[in-house]
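A.B. asks:
Number of protein chains: 2
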Amino acid sequence: MQQIVDFVLELDKLKGITRKTRPLGLDRYENSAEHSWQIALLAASLAHYAEEPIDLDRVIGMLLVHDIGEIDAGDVMVYADSNRQERQSAEAAAVTRIFGLLPEEQAARFLALWQEFDEGGTPEARFAHAADRAMPVLLNLANGGQSWLENGIRHEQVVARVAPPIRAGCPALWEYLETRLEEEKRNGWFGAE
Amino acid sequence: MQQIVDFVLELDKLKGITRKTRPLGLDRYENSAEHSWQIALLAASLAHYAEEPIDLDRVIGMLLVHDIGEIDAGDVMVYADSNRQERQSAEAAAVTRIFGLLPEEQAARFLALWQEFDEGGTPEARFAHAADRAMPVLLNLANGGQSWLENGIRHEQVVARVAPPIRAGCPALWEYLETRLEEEKRNGWFGAE
Numbered sequence: 004m005q006q007i008v009d010f011v012l013e014l015d016k017l018k019g020i021t022r023k024t025r026p027l028g029l030d031r032y033e034n035s036a037e038h039s040w041q042i043a044l045l046a047a048s049l050a051h052y053a054e055e056p057i058d059l060d061r062v063i064g065m066l067l068v069h070d071i072g073e074i075d076a077g078d079v080m081v082y083a084d085s086n087r088q089e090r091q092s093a094e095a096a097a098v099t100r101i102f103g104l105l106p107e108e109q110a111a112r113f114l115a116l117w118q119e120f121d122e123g124g125t126p127e128a129r130f131a132h133a134a135d136r137a138m139p140v141l142l143n144l145a146n147g148g149q150s151w152l153e154n155g156i157r158h159e160q161v162v163a164r165v166a167p168p169i170r171a172g173c174p175a176l177w178e179y180l181e182t183r184l185e186e187e188k189r190n191g192w193f194g195a196e
Numbered sequence: 004m005q006q007i008v009d010f011v012l013e014l015d016k017l018k019g020i021t022r023k024t025r026p027l028g029l030d031r032y033e034n035s036a037e038h039s040w041q042i043a044l045l046a047a048s049l050a051h052y053a054e055e056p057i058d059l060d061r062v063i064g065m066l067l068v069h070d071i072g073e074i075d076a077g078d079v080m081v082y083a084d085s086n087r088q089e090r091q092s093a094e095a096a097a098v099t100r101i102f103g104l105l106p107e108e109q110a111a112r113f114l115a116l117w118q119e120f121d122e123g124g125t126p127e128a129r130f131a132h133a134a135d136r137a138m139p140v141l142l143n144l145a146n147g148g149q150s151w152l153e154n155g156i157r158h159e160q161v162v163a164r165v166a167p168p169i170r171a172g173c174p175a176l177w178e179y180l181e182t183r184l185e186e187e188k189r190n191g192w193f194g195a196e
């Protein structure tokens with residue numbers, strides 16, 4: 004029992020890992036714990052739009068654990084391209100440490116979910132990636148392009164980065180977003196070309 | 004698709020509903036969105052300690068939606084006894100409104116999870132309640148009794164309020180907590196008797 008308690012208290016640190024988007028109507032930045040909760044519910048709401056039949060429970064499991072590596076490695080905006088491989092190793096080391104706080108069986112279960120997401124090779128992982136990538140776009144589209152403007156992210160960068168994973172996991176969601184992104188490009192909600 | 008987007012953006016408001024506990028090492032109060040994420044993982048870690056065999060996926064579903072009614076009704080500390088029934092009606096009205104943003108099938112699925120938790124009649128709901136009630140206790144036990152001291156909550160109030168649901172859903176967890184609560188009573192981590 005103490006192992007489980009140590010693990011869940013270690014998880015508390017994800018509440019202090021901030022992202023680049025702000026919750027609607029709040030001044031602060033969003034953290035990776037509340038983000039994980041929101042995309043689990045986005046995935047649950049969207050499940051019938053998945054590109055292939057999926058096991059939703061595994062998708063939710065992946066989304067709940069996918070950011071835990073940030074406890075040691077921090078959050079980096081999806082548009083920061085450098086050191087992607089180094090970062091992936093750092094997150095893998097982090098989850099090995101953190102899941103390792105648990106009894107072996109639970110540790111293995113969480114690690115398998117994390118790895119499935121990380122590798123992105125299953126329909127469930129692709130759908131989970133679509134939800135993860137779509138959420139900050141949806142927030143920006145409701146927030147005047149907040150994190151795109153604050154970080155000088157251009158419309159074409161957004162499309163280049165999020166279209167492939169969202170289209171692969173949830174084509175209907177990409178169709179919706181493509182139109183909305185085009186509309187807000189005209190409204191100047193992106194960094195300058 | 005627009006219905007799903009409206010729903011998930013409405014969920015954003017739960018990030019602004021604050022509870023009485025503070026995340027470890029942070030100055031601010033915890034919000035109900037990140038709390039929901041953490042207890043879903045607590046439940047997943049604890050599943051083999053459940054009092055009866057459970058369908059963990061339904062437990063996780065319940066925990067992800069159980070606080071959504073607070074978007075309209077706010078969070079009230081578990082030790083605030085007054086108006087419990089009024090509050091329950093307010094939360095029920097809130098989830099009817101918020102899940103009602105979704106297409107009928109998803110709305111019905113989320114509402115069924117919320118009601119199962121609210122009624123507390125199944126092994127899954129009892130286990131989910133145990134995780135929900137235990138988490139702020141675990142945080143306080145790691146945080147010098149922070150919210151108990153700030154709100155003048157006595158040791159006997161904690162035991163009276165959390166022992167029955169935690170024992171009913173996850174007896175091994177209550178056994179662990181009972182000893183820890185007794186230890187910290189001696190350290191003065193509670194409101195005065």
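For the protein sequence lines, the chains are A and B, in the order given. Our numbering puts the first residue of the first sequence at 4, with every later residue one more than the last. Our numbering puts the first residue of the second sequence at 4, with every later residue one more than the last. Cβ coordinates follow ideal geometry from the N, Cα and C atoms, glycine included.
Can you tell me the Cβ-Cβ gap for Pro26 of chain A and Lys18 of chain B, rounded? I've got them flagged as a contact below 8 Å.
C.D. replies: Correct: roughly 4 Å between the Cβ atoms.
A.B. asks: Using the Cα positions of Val62 of chain B and His51 of chain B, report the straight-line distance between them to the nearest angstrom.
C.D. replies: Roughly 13 Å between the two C-alpha positions.
A.B. asks: Show which residues of chain A have a CB atom less than 7 Å away from the CB atom of Ile7 of chain B.
C.D. replies: Chain A residues near Ile7 of chain B: Ser48 and Leu49.
A.B. asks: Taking Cβ-Cβ distances below 9 Å as the criterion, which residues of the stretch 108–131 of chain A are in contact with chain B?
C.D. replies: Listed by position along the chain: Glu108, Gln109, Arg112 and Phe113.
A.B. asks: Indicate whether Pro126 of chain A and Glu55 of chain A have their beta-carbon atoms separated by less than 8 Å.
C.D. replies: Taking 8 Å as the Cβ cut-off, Pro126 of chain A and Glu55 of chain A qualify as a contacting pair.
A.B. asks: Determine, using beta carbons only, whether Glu185 of chain B comes closer than 8 Å to chain A.
C.D. replies: Not one chain A Cβ lies under 8 Å of Glu185 of chain B.
A.B. asks: Less than 8 Å between the beta carbons of Asp70 of chain B and Arg100 of chain B, yes or no?
C.D. replies: No, the pair does not count as a contact, with Cβ atoms beyond the cut-off.
A.B. asks: Given a limit of 7 Å on CB to CB distance, which residues of the stretch 71–83 of chain A reach chain B?
C.D. replies: Listed by position, the residues of the stretch 71–83 of chain A near chain B (Cβ gap below 7 Å) amount to none.
A.B. asks: Following a CB-centred definition, is Pro174 of chain B positioned closer than 7 Å to any heavy atom of the ligand ATP?
C.D. replies: No copy of the ligand ATP appears in this structure; indeed no ligand is present at all.
A.B. asks: What residue ranges within the stretch 127–167 of chain A form continuous alpha helix (DSSP H) runs of no fewer than 4 residues, ordered along the chain?
C.D. replies: Counting only runs of 4 or more, we get 149–153.
A.B. asks: Measure the C-alpha to C-alpha separation of Gly123 of chain A and Glu196 of chain B and round it to an integer number of angstroms.
C.D. replies: Those two C-alpha atoms are separated by around 55 Å.
A.B. asks: By alpha-carbon positions, which one of B:Ile169, B:Leu180 and B:Gly191 ends up nearest to Trp272 of chain B?
C.D. replies: This structure cannot settle anything about residue 272 of chain B, because the visible part of chain B is limited to 4 through 196.
A.B. asks: For Asn34 of chain B, write down the residues that DSSP places opposite it in a beta bridge.
C.D. replies: Answer is B:Thr21, bridged to Asn34 of chain B.
A.B. asks: For Gly64 of chain B, name the three-state secondary structure that DSSP assigns.
C.D. replies: Helix at Gly64 of chain B.
A.B. asks: Applying the criterion that 16 or more other CB atoms from any shown protein chain within 10 Å of the CB defines a buried residue, is Ala83 of chain A buried or exposed?
C.D. replies: Exposed.
A.B. asks: Would you call the stretch 98–118 of chain A in contact with the stretch 158–167 of chain A, where contact means no fewer than 3 C-beta pairs closer than 8 Å?
C.D. replies: Flag = no, the stretch 98–118 of chain A and the stretch 158–167 of chain A do not touch.
A.B. asks: Let's see if you can read the secondary structure: which residues bound the alpha helix (DSSP H) around Leu3 of chain A?
C.D. replies: Only positions 4 to 196 of chain A appear in the structure, and residue 3 of chain A is not among them; the question remains open.
A.B. asks: Could you give the DSSP three-state label for Asp121 of chain B: helix, strand or coil?
C.D. replies: Looking at Asp121 of chain B - three-state DSSP - the assignment turns out to be helix.
A.B. asks: How big is the Cα-Cα spacing for Asp30 of chain B and Ile20 of chain A?
C.D. replies: Spanning the two alpha carbons is a distance of roughly 14 Å.
A.B. asks: Leaving aside the five residues before and after His208 of chain A along the sequence, list all residues of the same chain whose C-beta is less than 6 Å from its C-beta, in chain order.
C.D. replies: No answer is possible for residue 208 of chain A: the residues shown for chain A start at 4 and end at 196.
A.B. asks: Taking buried to mean at least 16 other C-beta atoms within 10 Å of its own C-beta, is Gln5 of chain A buried or exposed?
C.D. replies: Flag for Gln5 of chain A reads exposed.
A.B. asks: If we count the other Cβ atoms within 10 Å of its Cβ and call it buried at 16 or more, is Thr182 of chain A buried or exposed?
C.D. replies: The residue in question, Thr182 of chain A, is exposed, as its Cβ has fewer than 16 Cβ neighbours within 10 Å.
A.B. asks: Less than 8 Å between the beta carbons of Ala128 of chain B and Met65 of chain B, yes or no?
C.D. replies: Contact: yes.
A.B. asks: Using a threshold of 8 Å, state whether the C-beta atoms of Ala93 of chain B and Leu67 of chain B are closer than that.
C.D. replies: No. Outside cutoff.
A.B. asks: Determine whether the Cβ of Gln41 of chain B lies closer than 8 Å to any Cβ atom of chain A.
C.D. replies: So yes, Gln41 of chain B belongs to the interface.
A.B. asks: Please report whether the beta-carbon of Met65 of chain A lies at a distance below 8 Å from any beta-carbon of chain B.
C.D. replies: By this cut-off, Met65 of chain A is not an interface position.
A.B. asks: What is the C-beta distance between Ala131 of chain B and Phe113 of chain B, in whole angstroms, given that I count them as a contact (C-beta under 8 Å)?
C.D. replies: Ala131 of chain B to Phe113 of chain B, Cβ: 14 Å. No contact.
A.B. asks: Within this structure, are the beta carbons of Val11 of chain A and Ser48 of chain B separated by less than 8 Å?
C.D. replies: Closer than 8 Å, so yes.
A.B. asks: Considering only residues of the same chain and omitting the five flanking positions on each side of Asp3 of chain B, which have a CB-CB separation below 7 Å?
C.D. replies: The structure shown does not extend to residue 3 of chain B, since chain B is modelled only from 4 to 196, so the question has no answer here.
A.B. asks: Name the residues in the stretch 11–22 of chain A whose C-beta lies less than 7 Å from a C-beta of chain B; which are they?
C.D. replies: So the list reads Val11, Leu12, Leu14, Asp15, Lys18 and Gly19, given in the order they occur along the chain.
A.B. asks: Under 8 Å, do Gln149 of chain B and Thr24 of chain B count as touching if we go by C-beta distance?
C.D. replies: Yes, the pair counts as a contact, with Cβ atoms nearer than the cut-off.
A.B. asks: Specify, as a first and last residue, the run of the alpha helix (DSSP H) that Asp75 of chain A falls within.
C.D. replies: Per DSSP, Asp75 of chain A belongs to the alpha helix (DSSP H) from Glu73 to Ala76.
A.B. asks: Where does Ala51 of chain A fall in DSSP's three states?
C.D. replies: First, the amino acid is wrong: residue 51 of chain A is His here, not Ala. If DSSP states are grouped into helix, strand and coil, His51 of chain A belongs with the helices.
A.B. asks: By Cβ distance, which residues of its chain are closer than 6 Å to Val8 of chain A, with the 5 residues on each side in sequence left out?
C.D. replies: If we look at Val8 of chain A and ignore the five residues flanking it on each side, it has no Cβ neighbours.
A.B. asks: Taking the alpha helix (DSSP H) that Val8 of chain B belongs to, which residues open and close that run?
C.D. replies: First-last of the alpha helix (DSSP H) with Val8 of chain B: Gln5 to Leu14.
A.B. asks: Within the same chain, show all residues whose beta-carbon is closer than 6 Å to that of Leu105 of chain A, passing over the 5 residues directly before and after it, in chain order.
C.D. replies: Cβ within range, chain order: Gln6 and Phe10.
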